[in-house]
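Protein chains: 2
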Amino acid sequence: MKSSPVRDLLALTQRPEVISFAGGLPAPELFDVDGWRDAFAKSADDRRNLQYGTTEGNPVLRGVIAERMTRRGVPTTEDDLLVTTGSQQALTLVTTTLVEPGDVVAVEEPTYLAALQCFQLAGARVVPVASDEHGMVPSALAEVLVADRPTLVYLVPTFANPSGRTLPAARRQEIAALAERHDVWVVEDDPYGELRYRGEWVPPLTSYGERVLYLGSLSKIGAPGLRLGWLRAPRSLMSAAVIAKQAADLHTSTIDQAAAAVYLTNTDLDTHVAGLCAAYRERRDTMIAALPDTVPAGTAWTDPDGGMFVWVRLPGAVDTTDLLRQALAHNVAFVPGAPFFATNPDPATLRLSFTTNPPEDIIEGMRRLAAALTSPSAAGAR
Amino acid sequence: MKSSPVRDLLALTQRPEVISFAGGLPAPELFDVDGWRDAFAKSADDRRNLQYGTTEGNPVLRGVIAERMTRRGVPTTEDDLLVTTGSQQALTLVTTTLVEPGDVVAVEEPTYLAALQCFQLAGARVVPVASDEHGMVPSALAEVLVADRPTLVYLVPTFANPSGRTLPAARRQEIAALAERHDVWVVEDDPYGELRYRGEWVPPLTSYGERVLYLGSLSKIGAPGLRLGWLRAPRSLMSAAVIAKQAADLHTSTIDQAAAAVYLTNTDLDTHVAGLCAAYRERRDTMIAALPDTVPAGTAWTDPDGGMFVWVRLPGAVDTTDLLRQALAHNVAFVPGAPFFATNPDPATLRLSFTTNPPEDIIEGMRRLAAALTSPSAAGAR
Chain F
626 MKSSPVRDLL ALTQRPEVIS FAGGLPAPEL FDVDGWRDAF AKSADDRRNL
676 QYGTTEGNPV LRGVIAERMT RRGVPTTEDD LLVTTGSQQA LTLVTTTLVE
726 PGDVVAVEEP TYLAALQCFQ LAGARVVPVA SDEHGMVPSA LAEVLVADRP
776 TLVYLVPTFA NPSGRTLPAA RRQEIAALAE RHDVWVVEDD PYGELRYRGE
826 WVPPLTSYGE RVLYLGSLSK IGAPGLRLGW LRAPRSLMSA AVIAKQAADL
876 HTSTIDQAAA AVYLTNTDLD THVAGLCAAY RERRDTMIAA LPDTVPAGTA
926 WTDPDGGMFV WVRLPGAVDT TDLLRQALAH NVAFVPGAPF FATNPDPATL
976 RLSFTTNPPE DIIEGMRRLA AALTSPSAAG AR
Chain V
626 MKSSPVRDLL ALTQRPEVIS FAGGLPAPEL FDVDGWRDAF AKSADDRRNL
676 QYGTTEGNPV LRGVIAERMT RRGVPTTEDD LLVTTGSQQA LTLVTTTLVE
726 PGDVVAVEEP TYLAALQCFQ LAGARVVPVA SDEHGMVPSA LAEVLVADRP
776 TLVYLVPTFA NPSGRTLPAA RRQEIAALAE RHDVWVVEDD PYGELRYRGE
826 WVPPLTSYGE RVLYLGSLSK IGAPGLRLGW LRAPRSLMSA AVIAKQAADL
876 HTSTIDQAAA AVYLTNTDLD THVAGLCAAY RERRDTMIAA LPDTVPAGTA
926 WTDPDGGMFV WVRLPGAVDT TDLLRQALAH NVAFVPGAPF FATNPDPATL
976 RLSFTTNPPE DIIEGMRRLA AALTSPSAAG AR
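Structure (structure tokens):
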């Protein structure tokens, strides 16, 4: 097991002169610092928020999240929710609860690399399901369900990491029905769902059937530093997830949960998210507009309706890990695509995040990337 | 896998009329609320503390902890430390990193029940090592090392949970030497080590040898609500633990780490801990003084030099789970001892925590416990 390239790169790309499209980081200048400062001031004043808490999590926070999910098409009560230390922990708890060593986990291709690491740590065999520009192909999933009998199917159905693509409603319905027919659990990982910049809202996958677990997160719409996520699961699974969480960290930070409960109660989050979407839309458009002048002819890229990522495939026999070294020499960074594949990595792919940098830095960063792509050693790498 | 009785009881014992000796909770009135409020006010003002952070943790916090460990006899640098979401997470990360399903973990008897749950979730076989009033018996460990070839040995060497006992220096030396001879990892879980009320300081087990991993915590000397602990491990093991932490929750709360770094830098923690020890010493003495008039003749109990717990063994064929129901009817609570045993539970044992309640409530709680013990159905249970 090797360390995550994303995490290793974060160290390299933290030099202030680097414009980084690598990390999936929200724009820090858009954090609601005033709102969070007030929420922490109120919470730190109550000594109960410094004490141990229950494993399930702060009931007020769970209530606010349940109400928000209900409004977004997924009827939810406080009891359906377990607060987790980021949605990454929710994924690990589900894996601990459901996946035994040797079990099969089916994933779209490419997929979130920290999910792949999580399944591999659990000793699972990861089987990719054929996916196209609309995400996982239901007929391909049907074949994998029969041939490989997975325990779990993992998807980021909305504005996927790393591809940016979104699973259409009809496919959601098919996949939820397949899960019920084959008695398999589907995990809908949805950290980006509220960050839509155009097009029509698509109901969450979990609204289509009882076998879909839902992982939510405040990292992209609130602040990632608090590490607050949640698992929505049926009662039958929840008690096992709670036991796994007791072993994992007893409970999530009492004071961060209390601050989030205050923040979500006192803030108009819809207005805040609308502001994020306006800013991110401009960044997305800026990057997409710059791409034709950045990459060589024959390059393909996704054109996401939301989220944080553009997925790029360069023409020819390029290795984007070599290209990254060249890019860093030009003070720009991205994530090579290979680690996002469960098997048979495509070394000509890469992921660009457009949310972290303001438009002027995106333009300059794309200029640098163009220079890296046309430099002699990059040409040699191709 | 059943839910932890401690967690289930927390719900029952939260009725305001119950005096609870059950949970291992620090006294909330002794939290340094002013210090933490200032630390959070400073931290919440910096938007970098709302952003993602590195998996290894806040370097200032690691520096302060390293300096504190060095002063306490364990030379440590920032690079030896991984910040974890409570020391419970450190235990789970070590287990994920080192223990495969079917492996053996050796423990003292009785031992911390959430550790037992963690090893069982990992599919380990838990083997108890004979232990006396001074903790694990080195000759018994030597036999288990040969007979069962454990991957890991787990101990709370100082003011153990649940027994309150402390492993003497000579045994620490023997156990560390055994670990090196048999190439096995020992985990020293040390959340209570700074809470000494009498007697001489004993160097941490990890100071006696290279095969002892150390788990530290701010929960008892700072505040448990922040969920801040740490793993001290050699470089050879650290990179695997970091990967396990990436899968577990990416990193621990940025803002809680920043607040702890500010708090530990600006506060004289030694003076704060001395205040805790003075208050807890009085509570310990109050509970120990009340015990002879509380329990029936023939009862045995430990007389801990520090920490939070007194371990009690009632005479005869009592089941303390039945007794707990009786106690709750008298508005007092404790934890039955059985779940703290890996095998062959002793149903006549129970754990009392003396830190949570002020002396006057301890006196009243012990009166209620005496009444529960002499009530007709309790007598019937014996």
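Sequence order for the protein chains is F and V. Going left to right, the first sequence walks through residues 626 to 1007 as the working numbering numbers them. Going left to right, the second sequence walks through residues 626 to 1007 as the working numbering numbers them. C-beta atoms are modelled at their ideal positions from N, C-alpha and C, and glycine is treated no differently.
Pairing W855/F with L706/F, the inter-Cα distance amounts to about 6 Å.
Residue-level contact check: R796/F does not touch chain V, since none of the beta carbons of chain V fall below 7 Å from its beta carbon. Scanning chain V for C-beta atoms nearer than 7 Å to the C-beta of W661/F yields A669, L675, reported in chain order. Of the residues assessed, P641/F falls on the exposed side of the cut-off, its CB having fewer than 16 other CB atoms within 10 angstroms. Against chain F, the CB of S878/V has a partner CB under 7 Å away; the residue lies at that interface. A848, P849, G850, L851, R852: these are the residues of the region 839-856 of chain V whose beta carbon lies less than 7 Å from some beta carbon of chain F, given in chain order. Remark: C-beta atoms of P787/F and R976/F approach each other more closely than 7 Å. Residues are counted here when their Cβ sits less than 7 Å from a Cβ of chain F; for the region 701-723 of chain V these are T710, G711, Q713, Q714, T717, T721, given in chain order. Of the residues assessed, N982/F falls on the buried side of the cut-off, its CB having 16 or more other CB atoms within 10 angstroms. Residues of the same chain with a CB within less than 6 Å of the CB of A886/F, apart from the 5 flanking positions on each side, are N683, V685, L686 in chain order. In the DSSP assignment, the residues bridged to W855/V are V708/V, G841/V.
Its chain contains P970, P972 as the residues whose beta carbon lies nearer than 6 Å to that of A963/F, once the 5 sequence neighbours on both sides are disregarded; these appear in chain order. Excluding sequence positions up to five before and after R852/F, its CB lies within less than 6 Å of the CB of T710, G711, all in the same chain and listed in chain order.
Within chain F, the residues placing a beta-carbon under 7 Å from that of G678/V are G850, ordered along the chain. DSSP places W661/V in no beta strand (DSSP E) but in the uninterrupted alpha helix (DSSP H) bounded by 658-669. The straight-line gap separating the alpha-carbon atoms of R908/V and G688/F is approximately 38 Å. Shortest Cα-Cα distance from L746/F to any of V867/V, P782/V, V812/V involves V867/V. If you compare the alpha carbons of G789/V, P793/V, P753/V with that of Y779/V, the shortest gap goes to P753/V. Residues of the same chain with a CB within less than 8 Å of the CB of T695/F, apart from the 5 flanking positions on each side, are T701 in chain order.
Here S864/V carries a helix assignment [DSSP, helix/strand/coil]. Exclusion of the five residues before and after K845/F leaves P651, P816, Y817, L820 as the residues of its chain whose Cβ lies within less than 7 Å of its Cβ. In this structure the region 944-960 of chain V does not touch the region 903-922 of chain V; the number of beta carbon pairs closer than 8 Å is below three. For R672/V, the closest Cβ of chain F is nearer than 7 Å.
As a beta-bridge residue in DSSP terms, W810/V pairs with L777/V. When DSSP reads this structure, E768/F sits in no beta bridge, so it has no partner.
Assigned with DSSP and collapsed to three states, L889/F falls in helix. The C-alpha of Y677/F is placed about 35 Å away from the C-alpha of M933/F. Cβ neighbours of P775/F within its own chain (closer than 7 Å, five residues either side excluded): V729, V730, A731, V752, V769, V809. In the three-state scheme derived from DSSP, where H, G and I count as helix and E and B as strand, D947/V is classed as helix.
In the three-state DSSP reduction, L650/V falls in the coil class, being neither helix nor strand. Between T999/V and the set I987/V, P984/V, A954/V, the nearest pair of CA atoms involves A954/V. Within a 10 Å sphere around the beta-carbon of T896/F sit fewer than 16 other beta-carbons, which makes this residue exposed. For D815/V, no chain F residue has a C-beta closer than 7 Å to its own C-beta; the minimum C-beta separation is roughly 17 Å.
In this structure, the CA atom of L843/F is about 7 Å from the CA atom of P849/F.
When A915/V, D757/V, F965/V are compared, the shortest CA-CA separation from E985/V is found for A915/V.
DSSP places L975/V in no alpha helix (DSSP H) but in the uninterrupted beta strand (DSSP E) bounded by 974-978.
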